[in-house]
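Peer 1: The structure's right below; bear with me while I get my questions together.
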Amino acid sequence: MTSRSRQGHRLDKIGSASMRIWDSKEAQHRGEPFARNASVDCGWGTLIFAHTFVENADLVRATLDEASNTRNIALYLRDPHVVLSLAPQDLFLDPSHTYRLWLANYLPARIKASGFRLRRLQHRTDAQHVHRLLTSRGMVAPDPDFIWNQRKNRVIEFFVAEEAESNRLLGAVMGIDHVEAFEDPENGASMWCLAVDANAHQPGVGRALVAYAADCFSARGRAFMDLSVMHDNRAVIDLYEKMGFVRIPAFCIKRRNAINRDLYTSDQSLAELNPYAKIIVEEATRRGIAVDVIDAANGYFTLQFGGRRVVCRESLSELTSAIAMSRCDDKSVTHSVLRDAGVAVPKQQIAQDALVDEAFMEECGTVVVKPAQGEQGRGVHLNITEPTELREAVERVAEMGSKVILEEQVSGQDLRVVVIDYRVVAAAIRRPAEITGTGTHSIAALIEKQSRRRAAATGGESRIPMDQETERCLDAQGLALTDVLPEGKCVPVRRTANLHTGGTLHDVTAELSEALRRESEKIAELLSIPVVGLDFVVDAPDGEKYTLIEANERPGLANHEPQPTAERFVDFVFPQTAATAAQHQSAAR
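Under my numbering, residues 456 to 1044 are what the sequence shown spells out, in order.
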C-alpha cells in the first residue's frame, strides 16, 4: 500500500468513526515529524492551523498578533476551553460550524453552469472584481494586489464564476491547500470567502463554485475540503449537506475586535438594525463614536462623540432641516421647486377627473402613476398607456391615502446618485429584477429562488413581490408564472428598478460625467439638503442629457460598494473623526 493509500485508508477510518482531528501532541509523543505552528497569510488576516501548535500559549500569541483592520482565525483547536482561559478578555469562540466534504467518496458534481463559466484567476482585473465582490458581501477583502499575486501560488487559489455574455464576475471563492501550506499529514484543503454577486440573476452560482473548488482539490489527490459556516445559516447549511458535507468537531477562536463585534456582542439591538442603519453604525463604532439604538425596527439611533450628539434615522439626521425634508417628501413639491430653477424634470400633474387624466396621458404617450408621498417604490405603476389601466392605477394609489401624481414616463437608464455634504459620493445604474431560465423551473420557482438570494444579500431589504405588477410585467411579454423558461433565457419580472422590489445596483461612479456630477451637487444645493439620493433617467452615465425624477431625503447607503458612502456620512456628521478614519485605512494598507 502506498503512503497516500495508507493515509486515505486511515482517514476513511477517522471519517466513519469519530471525525477526530489530527493532534500535534500525540504526533510529538509518537515521535512523528510535523510542521509546527503553521499558518497562512490570507490577505484578510492569518489562517492559523491550531492543531499544529503544541503549546497553547504560542497559539494565543499568534491569534492576538493581528494587523489593523484584519482578523486572524485559529481553526482546529484541540482544547478551545483551555485556550480561551488564557486570554478570556481578548478571545472568543466563533459561533460557527465546520463542515467537511470527503473527496474520496465524492463524485464530481458536474453541476450545469447556466449563463456562466467557472475558472481560475487569470487577469489583473479579476483581482479587482474579487475584492469588490468580497467587500460587497461585508467580508474583510484582501487587497487586489495580494489576490493577483496568488495566481501562481499553490497554497492559495481563487476560483471565479464569470458571466458568459458580459465576462462580469458573478462569484468567487478562496481555496487553501493544506499540504502545500504545511505538509498536512491529513492531506486536506479548505474553502473560504465564498461570495456571489447580489445582483447575479443566474441560479446556482454559489453551489457551482463550491463544486468546482472540490473538483480541483480532488484532482490534486486531497482527502477532504473543509469550510466554516455560521451556526444559524440554515439555508446554506442545508445546501452543503445536500452536496455531501458532514459536520466535524472542529472549533475556531478569534480576537475580539471591531470587525468581529457582531459575533460576540450581547447587544441584540445592533444586530436587529436594517442594512442602511447598520452600515452607518458599524463605521461609527470603528471610529470610537458611541452608539445608542433608539428603535432598531425603524432604524433610529443616536451617535455621540465628545459633546456632540446627533439623532439619525438611517441616513436622515438632525442636520437635514425640516423644510428640506418636506420638500423631498412630497414629490410634487420637489418637482415644482426644481422645475422653476431650470432643472430638467418630466411633465407632471396631480390626478384629477378621468377626462383630464386621459388627456394628460395622450399628451405624454406613456405615463407613470405614483403617490406624492412614498418610498421604496411602493405604489409606482409604469408603462400606463390605456384609459382602463390609468383608472385602475389611480384608484390603487389613491387607496394609499396620498395625492396621486401622473408623470410623463421618460425612457433611458435609471441612475441613482448619492450626494453627501453637497458632494457626489456614489452613482449606480439601477436595473429591474430579472431571472434566467434553467429549462426545468417555472417562472414562479425562479422568482422565489432569486428573491431568497436578494433577501439574503440585503438583510431582507430586497425581495421580488409576487403581485399584480409582477404578473402584469410578465403578461406584457406573453408569459405567466407557471411557464418554464428555456435555459439561459433572461426575462425581467418587474418594471421598476427599486431595490426593495428586487432591483439591483451597478456601480458607475467612475464613469459619471462631470456634467452630471455638477448638476447633482447643484440640485442638492437648490433643495438645501446635505444628504440626498437623486434619481435620474439618463441616456448613459457618462453623458450630459438627463431628467431628474425624484430626490430622496433618506437614501440607502448600503449596496453602493465599493464607494465609501458610510464613511462620508460619518465624516459629515462628525468631521473631527475623519482623520482617525484615514489613519485606520492607512494602517490597513
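Think of the CB as a built atom: it goes at the ideal place given N, C-alpha and C, for glycine as much as any other residue.
Name the two residues that bound the continuous beta strand (DSSP E) containing Glu638.
Peer 2: Position 183 of the sequence shown, counted from the start, is the residue given in the question as residue 638. Run containing Glu638: none; DSSP gives neither H nor E here.
Peer 1: For the alpha helix (DSSP H) containing Leu793, name the first residue and the last one.
Peer 2: Start at 1 with the first residue of the sequence shown, and residue 793 comes out as number 338. Run containing Leu793: 786-795, per the alpha helix (DSSP H) assignment.
Peer 1: Identify the continuous alpha helix (DSSP H) that holds Asn524 and give its terminal residues.
Peer 2: Along the sequence shown, one-based indexing puts residue 524 at 69. Per DSSP, Asn524 belongs to no alpha helix (DSSP H) and is neither H nor E.
Peer 1: Is it the case that the region 691-711 contacts the region 876-885, given that we only count it when at least three CB pairs across the two stretches are under 8 Å?
Peer 2: no
Peer 1: To the nearest whole angstrom, what separates the beta carbons of Thr507 and Ser479, a pair I think is in contact under 8 Å?
Peer 2: The count along the sequence shown starts at 1 and reaches residue 507 at position 52. The count along the sequence shown starts at 1 and reaches residue 479 at position 24. Indeed, because the Cβ distance is near 5 Å, the residues count as touching under 8 Å.
Peer 1: Kindly indicate which three-state DSSP category His536 falls into: helix, strand or coil?
Peer 2: The count along the sequence shown starts at 1 and reaches residue 536 at position 81. Of the three classes helix, strand and coil, the one that applies to His536 here is helix, per DSSP.
Peer 1: I need the boundaries of the alpha helix (DSSP H) containing Phe815, first residue and last residue.
Peer 2: In the sequence shown, counting from the first residue as 1, residue 815 sits at position 360. Start and end: 809-819.
Peer 1: Provide the residue span of the alpha helix (DSSP H) that contains Phe601, from first to last.
Peer 2: The count along the sequence shown starts at 1 and reaches residue 601 at position 146. It spans 599-604 - the alpha helix (DSSP H) in which Phe601 sits, taken as one unbroken run.
Peer 1: Using 8 Å as the threshold, is the region 763-781 in touch with the region 814-828, meaning 3 or more CB pairs across them?
Peer 2: no
Peer 1: Alpha carbon to alpha carbon, how far is Glu817 from Leu954?
Peer 2: Looking up residue 817 in the sequence shown gives position 362. Looking up residue 954 in the sequence shown gives position 499. About 30 Å.
Peer 1: Whose C-alpha, out of Val948, Asp930, Val963, Thr590, is nearest the C-alpha of Gly957?
Peer 2: As a first step, residue 957 must be located in the sequence shown, where it is residue number 502. Checked all of Val948, Asp930, Val963, Thr590; the closest Cα to Gly957 is Val948.
Peer 1: Take the Cβ of Arg973 as the centre, count every other Cβ of all protein chains shown within 10 Å, and call the residue buried at 16 or more, exposed below.
Peer 2: The count along the sequence shown starts at 1 and reaches residue 973 at position 518. Exposed, because fewer than 16 other Cβ atoms sit within 10 Å of the Cβ of Arg973.
Peer 1: So, Arg710 versus Leu519, is the Cβ gap smaller than 8 Å?
Peer 2: As a first step, residue 710 must be located in the sequence shown, where it is residue number 255. As a first step, residue 519 must be located in the sequence shown, where it is residue number 64. Yes, the pair counts as a contact, with Cβ atoms nearer than the cut-off.
Peer 1: Which word fits Val515, buried or exposed, when buried means at least 16 other C-beta atoms lie within 10 angstroms of its C-beta?
Peer 2: Locating residue 515 in the sequence shown gives position 60, counting from the first residue. It counts as buried.
Peer 1: With distance defined between alpha-carbon atoms, name the residue in Thr525, Ala705, Tyr755 nearest to Ser593.
Peer 2: As a position in the sequence shown, residue 593 is number 138, starting the count at 1. The question names Ser, but residue 593 is Gly in the sequence shown. If we check each option's Cα against that of Gly593, Thr525 comes out closest.
Peer 1: Is the CB-CB distance between Leu861 and Ile898 below 8 Å?
Peer 2: As a first step, residue 861 is located in the sequence shown; it is residue number 406 there, counting from the start. As a first step, residue 898 is located in the sequence shown; it is residue number 443 there, counting from the start. The Cβ atoms of Leu861 and Ile898 do not sit closer than 8 Å to each other.
Peer 1: Is Ala508 helix, strand or coil by DSSP?
Peer 2: By 1-based counting over the sequence shown, the position of residue 508 is 53. Strictly speaking, residue 508 in this sequence is Phe, with Ala absent from that position. Three-state result, Phe508: coil.
Peer 1: Within 10 angstroms of its Cβ, does Glu738 collect 16 or more other Cβ (buried), or is it exposed?
Peer 2: Translated into the one-based positions of the sequence shown, residue 738 becomes position 283. Classification for Glu738: buried.
Peer 1: What span of residues does the alpha helix (DSSP H) with Phe706 cover, start to end?
Peer 2: Taking the sequence shown and counting its residues from 1, one reaches residue 706 at position 251. In the DSSP assignment, Phe706 falls outside any alpha helix (DSSP H) and carries neither an H nor an E.
Peer 1: What's the C-alpha gap between Leu793 and Glu966?
Peer 2: Numbered from its first residue, the sequence shown carries residue 793 at position 338. Numbered from its first residue, the sequence shown carries residue 966 at position 511. Computed Cα separation, rounded: 25 Å.
Peer 1: DSSP three-state call for Lys607: helix, strand or coil?
Peer 2: Counting from 1 along the sequence shown, the entry for residue 607 is found at position 152. The answer is coil: DSSP assigns Lys607 none of H, G, I, E or B.
Peer 1: Tell me which residue opens and which closes the alpha helix (DSSP H) that Ala1013 is part of.
Peer 2: By one-based count along the sequence shown, residue 1013 stands at place 558. That residue, Ala1013, is in no alpha helix (DSSP H); it is neither H nor E in DSSP.
Peer 1: Can you give me the start and stop residues for the alpha helix (DSSP H) that Pro730 sits inside?
Peer 2: Against the sequence shown, residue 730 aligns to sequence position 275. Segment 730-741, the alpha helix (DSSP H) holding Pro730.
Peer 1: Please state the DSSP three-state secondary structure of Met921.
Peer 2: Indexing the sequence shown from 1 puts residue 921 at position 466. Three-state result, Met921: coil.
Peer 1: Asn511 and Val538: beta carbons closer than 8 Å?
Peer 2: On the sequence shown, position 56 is the one that residue 511 refers to. On the sequence shown, position 83 is the one that residue 538 refers to. Yes, the Cβ-Cβ distance between Asn511 and Val538 is below 8 Å.
Peer 1: Throw me the rounded Cβ distance for the Glu521 and Arg574 pair, which I believe falls under 8 Å.
Peer 2: If you number the sequence shown from 1, residue 521 lands on position 66. If you number the sequence shown from 1, residue 574 lands on position 119. With a Cβ gap of about 33 Å, Glu521 and Arg574 do not count as contacting.
Peer 1: Going by Cα to Cα distance, which pick from Met629, Phe601, Val585, Ala848 is closest to Arg623?
Peer 2: Residue numbering aside, residue 623 sits at position 168 when the sequence shown is read from its first letter. For Arg623, the nearest C-alpha among the options comes from Val585.
Peer 1: Tell me the start and end of each unbroken beta strand (DSSP E) in the region 843-905 that is at least 3 residues and wholly inside, in chain order.
Peer 2: 859-863, 868-875, 878-886, 889-891
Peer 1: So is Ala935 buried or exposed if we call it buried at 16+ other beta carbons inside 10 Å?
Peer 2: The count along the sequence shown starts at 1 and reaches residue 935 at position 480. Ala935 should be labelled exposed.
Peer 1: With a threshold of 6 Å on Cβ separation, who are the neighbours of Arg579 within its own chain once the five nearest residues in sequence on each side are excluded?
Peer 2: As a working note, residue 579 is residue 124 in the sequence shown. For Arg579, where only same-chain residues beyond five positions count, the Cβ hits under 6 Å are Trp603.
Peer 1: If you count every other CB in all the chains shown that lies within 10 Å of the CB of Cys945, and 16 or more means buried, which is it?
Peer 2: In the sequence shown, residue 945 corresponds to position 490, counting from 1. When all chains shown are included, Cys945 counts as exposed.
Peer 1: Since Asp478 is in the beta strand (DSSP E), which residue starts that stretch and which ends it?
Peer 2: For this step, residue 478 is matched to residue 23 along the sequence shown. Run containing Asp478: none; DSSP gives neither H nor E here.
Peer 1: Who are the near neighbours of Leu837 in its chain, counting only those whose CB is closer than 8 Å to its CB and skipping five residues on each side?
Peer 2: Working through the sequence shown from its first residue, we reach residue 837 at position 382. Closer than 8 Å at Cβ, skipping near neighbours: Val823, Gln864, Arg950, Thr951.
Peer 1: Within the same chain, show all residues whose beta-carbon is closer than 6 Å to that of Val660, passing over the 5 residues directly before and after it, in chain order.
Peer 2: On the sequence shown, residue 660 is found 205 positions in, with the first residue counted as 1. Correct list, in chain order: Ala616, Leu625, Gly626, Val651.
Peer 1: Just mark Lys733 as buried or exposed, buried being the case when its beta carbon has 16 or more other beta carbons within 10 Å.
Peer 2: Locating residue 733 in the sequence shown gives position 278, where the first residue counts as 1. That one is buried.
Peer 1: Exposed or buried, Arg609, counting other C-beta atoms within 10 Å across all chains shown (16 or more means buried)?
Peer 2: The sequence position of residue 609 within the sequence shown is 154, counting from 1. With fewer than 16 other Cβ atoms within 10 Å, it is exposed.
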